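Q: Oh and the sequence shown: position 75 is 75 in the working numbering, straight run, nothing missing. For every residue, glycine included, the Cβ atom is placed at its ideal position computed from N, Cα and C. Computed from a prediction, not measured in an experiment: that's the story for all the values here. Handing you a structure now.
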Amino acid sequence: MSAAMSSAMQVHEVTTADGFDALRDEWNALVPRLDAPSPFQTWEWNRAWWRHFGAGHRLRLLTFRRDGALCGVAQFHERRIGPRVLRRSLLAPLGWEDQRRRQGMTEQSQLVFPAADMDELLAALARWLDTHRWTFVQLAGMAVPFELPQRLSQRVVLTGKPNSFYGRALPATYAELVAGLGKSMRDNVKYYPKLLERTGHSVSLRVANTPETIPPALDVFFALHRARANATAASIAHRDKFAWRDRRAFLADVAPMLAAQGQLRIGLLEVDGATVAVQIWLEYGTAMFVYYTGWDPAWSKYSVQLVATIECIKNGIARGLGRLEFLRGGADGNDQRNERWETQRRVRVNLTLARRPAMTRLVLRIPRVQRRLRLGGASVGDALRTAAPG
């Protein structure tokens with residue numbers, strides 16, 4: 001570890017697995033204080049991610065302490081980007097798989113900076129960047145419009161594609177939730193469960209929520225997620241997000257750990273005793289996060305994916321959960337479907353900072369250079385004009 005003083009904050013750089021492991025309890029104590037806490041910010045998620053995706057890269061966690069107490073974590077790792085002639089270093093957040101797959105499984109990526117200390121932590125980060133070597137830094141999950149200290153904002157050279165997230169409060173009963181939906185969605189959530197019953201099918205939801213029951217449930221999920229992607233008659237094309245072995249291995253590793261913490265459940269919709277749809281969801285505090293799905297295309301006319309999601313939401317309401325969040329993978333990341341649950345939209349963007357911003361902006365105007373560096377994004381002004389919540 002190396003240390004650099006930053007006003008009242010002391011910034012330490014953690015570069016070893018042992019140092020990472022030692023942070024577990026302190027790290028997790030910060031998560032409830034974030035503006036949008038979720039399992040994606042927990043130590044368990046990030047440690048498992050580094051185990052499966054860290055090969056060939058350098059761990060560079062920044063811890064921020066005041067009087068010895070941990071106040072924030074900037075969970076960076078260093079990777080090399082671009083072809084040999086343009087090779088540069090990028091400090092990217094844990095969760096950033098590569099320049100092609102990008103955030104991958106980590107759907108809500110943000111610095112582990114509690115809201116109450118955000119300004120001071122960002123200022124400390126700016127001072128650390130002033131005194132250390134780097135070429136590019138990616139700040140993930142920044143709210144739109146974003147507010148940064150001048151020393152950071154003047155370094156912003158690109159903003160990524162805006163990511164929309166949809167959430168809403170959950171009422172005390174499922175009946176109240178349905179009553180508050182628009183007519184079209186209200187009709188759908190009533191029609192499809194009854195359609196299965198009217199045609200003589202027996203329907204039930206089995207929930208896997210322990211380290212022992214998660215692995216076999218994941219096997220079913222992977223198979224049905226792949227079947228959904230391979231369906232030729234589907235009205236909407238779906239991608240197999242788990243076609244990569246490292247993603248499957250990562251989820252198989254982290255899911256039982258999260259289940260042990262009460263932060264992950266897998267709902268298996270069974271029709272006549274056979275599993276026809278699977279819905280994964282995460283939980284943190286009183287919020288549930290609808291994650292990835294899979295279903296048997298032979299049952300698509302019954303909208304079994306929707307029925308599975310409905311049953312999982314019922315499960316959450318019955319246990320007293322108070323908030324519903326749709327992730328990009330939930331409901332296939334379809335904004336219109338998520339909005340039909342009468343949700344509110346929030347927008348987040350990833351920012352790319354450069355150590356030499358003026359020169360970098362000029363170089364990035366050459367399309368070939370930006371493509372070869374594989375730095376996605378637009379100029380700050382252009383991105384903000386399209387990212388503002390409607």
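Among the candidates 362, 357, 319, whose CA atom is the shortest distance from the CA of residue 173?
A: Taking the sequence shown and counting its residues from 1, one reaches residue 173 at position 173. Of the candidates 362, 357, 319, the one whose C-alpha sits nearest the C-alpha of residue 173 is 319.
Q: How is the alpha helix (DSSP H) around residue 19 delimited, first residue to last?
A: Translated into the one-based positions of the sequence shown, residue 19 becomes position 19. Looking at the DSSP string, the run of the alpha helix (DSSP H) that includes residue 19 is 17–22.
Q: Would you check if there are 3 or more beta carbon pairs closer than 8 angstroms linking the segment 293–305 to the segment 123–130?
A: no
Q: Measuring only the C-alpha atoms, how far is residue 346 from residue 166?
A: By one-based count along the sequence shown, residue 346 stands at place 346. By one-based count along the sequence shown, residue 166 stands at place 166. Computed Cα separation, rounded: 6 angstroms.
Q: What is the C-beta distance between residue 219 and residue 52, in whole angstroms, given that I count them as a contact (C-beta under 8 angstroms)?
A: Along the sequence shown, one-based indexing puts residue 219 at 219. Along the sequence shown, one-based indexing puts residue 52 at 52. Actually they do not touch by this definition, with Cβ atoms about 18 angstroms apart.
Q: Contact defined as beta carbons within less than 8 angstroms: I believe residue 93 pairs with residue 108. What is the distance between those atoms, to the nearest angstrom?
A: Residue numbering aside, residue 93 sits at position 93 when the sequence shown is read from its first letter. Residue numbering aside, residue 108 sits at position 108 when the sequence shown is read from its first letter. Incorrect: roughly 11 angstroms between the Cβ atoms, too far for contact.
Q: Does the segment 258–277 come close enough to the segment 241–249 to have 3 or more Cβ pairs within less than 8 angstroms?
A: no
Q: Thinking C-beta only, is residue 207 closer than 8 angstroms to residue 271?
A: Position 271 of the sequence shown, counted from the first residue, corresponds to residue 271. Position 207 of the sequence shown, counted from the first residue, corresponds to residue 207. No, the pair does not count as a contact, with Cβ atoms beyond the cut-off.
Q: If you count every other CB in all the chains shown that lies within 10 Å of the CB of residue 331, and 16 or more means buried, which is it?
A: Counting from 1 along the sequence shown, the entry for residue 331 is found at position 331. Because the pLDDT at residue 331 is just 43, under 50, the model does not fix this residue reliably, and the value given afterwards should be weighed accordingly. That one is buried.
Q: Where residue 228 and residue 177 are concerned, what is the direct C-alpha to C-alpha distance, given to the nearest angstrom?
A: As a working note, residue 228 is residue 228 in the sequence shown. As a working note, residue 177 is residue 177 in the sequence shown. Cα-Cα distance, rounded: 28 angstroms.
Q: Looking only at its own chain, which residues have a Cβ that is under 7 angstroms from the Cβ of residue 35, when we skip the five neighbours before and after it?
A: Here residue 35 is taken as the residue at index 35 of the sequence shown, counted from 1. Here the set comprises 115.
Q: Counting C-beta neighbours from all protein chains within 10 Å, is the total for residue 285 16 or more, i.e. buried, or is it exposed?
A: Within the sequence shown, residue 285 is the residue found at index 285, counting from 1. Under this definition residue 285 is an exposed residue.
Q: Can you give me the C-alpha to C-alpha distance between residue 163 and residue 65, rounded to a whole angstrom?
A: Position 163 of the sequence shown, counting from 1, holds the residue named residue 163. Position 65 of the sequence shown, counting from 1, holds the residue named residue 65. Across the structure, residue 163 and residue 65 are spaced so that their CA atoms are roughly 31 angstroms apart.
Q: Looking only at DSSP bridge pairs, what is residue 270 linked to?
A: Locating residue 270 in the sequence shown gives position 270, where the first residue counts as 1. Answer by DSSP bridge pairing, in chain order: 204, 275.
Q: Residues in the same chain with beta-carbon distance under 8 angstroms from residue 48, minus the five sequence neighbours each way, listed in chain order, please.
A: Start at 1 with the first residue of the sequence shown, and residue 48 comes out as number 48. Once the five neighbours on either side are set aside, the close Cβ partners of residue 48 are 250, 253, 254, 257.
Q: Report the residue from 62, 305, 311 whose alpha carbon sits nearest the alpha carbon of residue 20.
A: Stepping through the sequence shown from its first residue, residue 20 is reached at position 20. When only C-alpha atoms are compared, the closest one is 62.
Q: In terms of residue numbering, what span does the beta strand (DSSP E) encompassing residue 141 cover?
A: Along the sequence shown, one-based indexing puts residue 141 at 141. From DSSP, the beta strand (DSSP E) with residue 141 extends over 136–143.
Q: Among all the DSSP beta bridges, which residues are the ones paired with residue 76?
A: Counted from its first residue, the sequence shown places residue 76 at position 76. In DSSP, residue 76 forms a bridge with 60, 93.
Q: Span of the beta strand (DSSP E) holding residue 325?
A: On the sequence shown, position 325 is the one that residue 325 refers to. Taken as a continuous stretch (DSSP letters only), the beta strand (DSSP E) holding residue 325 covers 323–326.
Q: Counting only runs that start and end within the segment 284–327, where is the alpha helix (DSSP H) found for 4 or more residues in a row?
A: Runs of the alpha helix (DSSP H) inside the segment 284–327: 304–318.
Q: Under three-state DSSP, which class holds residue 113?
A: Reading the sequence shown from its first residue, position 113 is the one you call residue 113. Of the three classes helix, strand and coil, the one that applies to residue 113 here is coil, per DSSP.
Q: Do the segment 306–326 and the segment 129–138 make contact, defined as three or more Cβ pairs closer than 8 angstroms?
A: no
Q: Measuring only the C-alpha atoms, how far is residue 42 from residue 327?
A: One-based indexing of the sequence shown puts residue 42 at position 42. One-based indexing of the sequence shown puts residue 327 at position 327. The alpha-carbon atoms of residue 42 and residue 327 are separated by roughly 17 angstroms.
Q: Hey, how far is the Cα of residue 45 from the Cα of residue 138?
A: Translated into the one-based positions of the sequence shown, residue 45 becomes position 45. Translated into the one-based positions of the sequence shown, residue 138 becomes position 138. Taking the straight line joining both Cα atoms gives about 19 angstroms.
Q: Can you check which of these residues, 210, 309, 136, is closest to residue 354 by C-alpha distance?
A: As a first step, residue 354 must be located in the sequence shown, where it is residue number 354. Among 210, 309, 136, the Cα nearest to that of residue 354 belongs to 136.
Q: Locate the beta strand (DSSP E) running through residue 127, then write down its first and last residues.
A: The residue labelled residue 127 in the question sits at position 127 within the sequence shown. Counting along the chain, residue 127 falls outside any beta strand (DSSP E), though it belongs to the alpha helix (DSSP H) covering 118–130.
Q: Please state the DSSP three-state secondary structure of residue 238.
A: If you number the sequence shown from 1, residue 238 lands on position 238. Three-state DSSP puts residue 238 in coil, outside helix and strand.
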